[in-house]
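Colleague: Input: one structure, supplied below.
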Amino acid sequence: MDDFRIDPPLVVKDTPKPRRLTSLAEARDFVSAAMHVGRPPPWRDIYHRLHAVRSEDEAIETIGALRELLELEDLLVPPKLPLESRHQSED
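Sequential numbering of the sequence shown, starting at 190, is according to my numbering.
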């Protein structure tokens, strides 16, 4: 399951630049690194869930939970939205 793709990728605030998490393995590595810094219990739960994934359904649920946690902690970089096209009607 390590190669399970995250679509759309999670773009996380990180230094020196934002980090793109595109697979379950990358998400696991990111959370593992975050655990070394010290994180509250919800992070430990995600850490254990990422290491216990055995099916596609579990992967989808765990990535969703990680996305929610990152949003709550204001660690997600918002997606870039395309600029609205301006329609000017000339009479």
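Glycine residues also receive a C-beta, built at the ideal position from the N, C-alpha and C atoms.
Does the beta carbon of Leu264 fall short of 8 Å from some heavy atom of the ligand GTP?
Modeller: Among the components of this structure there are no ligands whatsoever, and the ligand GTP is therefore not found.
Colleague: Checking the sheet assignment: what are the DSSP bridge partners for Val220?
Modeller: In DSSP, Val220 forms no bridge with anything.
Colleague: For Ser278, which of helix, strand or coil comes out of DSSP?
Modeller: At Ser278, the pLDDT of 49 sits below 50, so the modelled position is not reliable; the number obtained from the coordinates is stated separately. In the structure shown, Ser278 sits in coil (DSSP, three-state: anything other than H, G, I, E or B).
Colleague: With DSSP as the reference, label Val226 as helix, strand or coil.
Modeller: Residue state, collapsed to three classes: helix.
Colleague: With burial defined as no fewer than 16 other Cβ atoms inside 10 Å of the residue's Cβ, what is the status of Arg233: buried or exposed?
Modeller: By the neighbour-count rule (16 or more Cβ atoms within 10 Å), Arg233 is not buried but exposed.
Colleague: So that I know if they touch, is there some Cβ in chain B lying closer than 9 Å to that of Ser244?
Modeller: No chain B is present in this structure, which holds just one protein chain.
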